[in-house]
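Encoded as structure tokens, the structure appears first; notes follow it.
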Amino acid sequence: LLFGLVWGLIGGGFLEELGWTGFAVPRLRRRYGAAATGLLVGIPWGSLHLLVIYWMGTPSGSVPL
26 LLFGLVWGLI
36 GGGFLEELGW
46 TGFAVPRLRR
56 RYGAAATGLL
66 VGIPWGSLHL
76 LVIYWMGTPS
86 GSVPL
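All you need for this note's numbering is the position in the sequence shown, starting with 1, plus 25.
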């Protein structure tokens, strides 16, 4: 249980944030500017999260531990 909780926090949030803001955003912003980067990152990010909500039937924040 503890391993799953730790891995979920690290893998789910930290690594995702590191990938988007630490890798993708700086490179895209240099090439395309702020507005286009917002769309290029926001659309896939939102789509992936909407799929999770669709598959789970509820936003992940409302799932009890």
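Just so you know, even glycine gets a beta-carbon here, dropped at the ideal spot from N, CA and C.
- The beta carbon of phenylalanine 48 sits closer than 7 Å to none of the beta carbons in its chain outside the five residues before and after it.
- With contacts defined as CB atoms closer than 8 Å, threonine 62 and valine 77 fail to qualify as a contacting pair.
- In this structure, tryptophan 70 lies away from tryptophan 32, with their beta-carbon atoms at least 8 Å apart.
- Taking leucine 53 as reference, the option from Leu43, Leu65 and Glu42 with the minimal CA-CA separation is Leu65.
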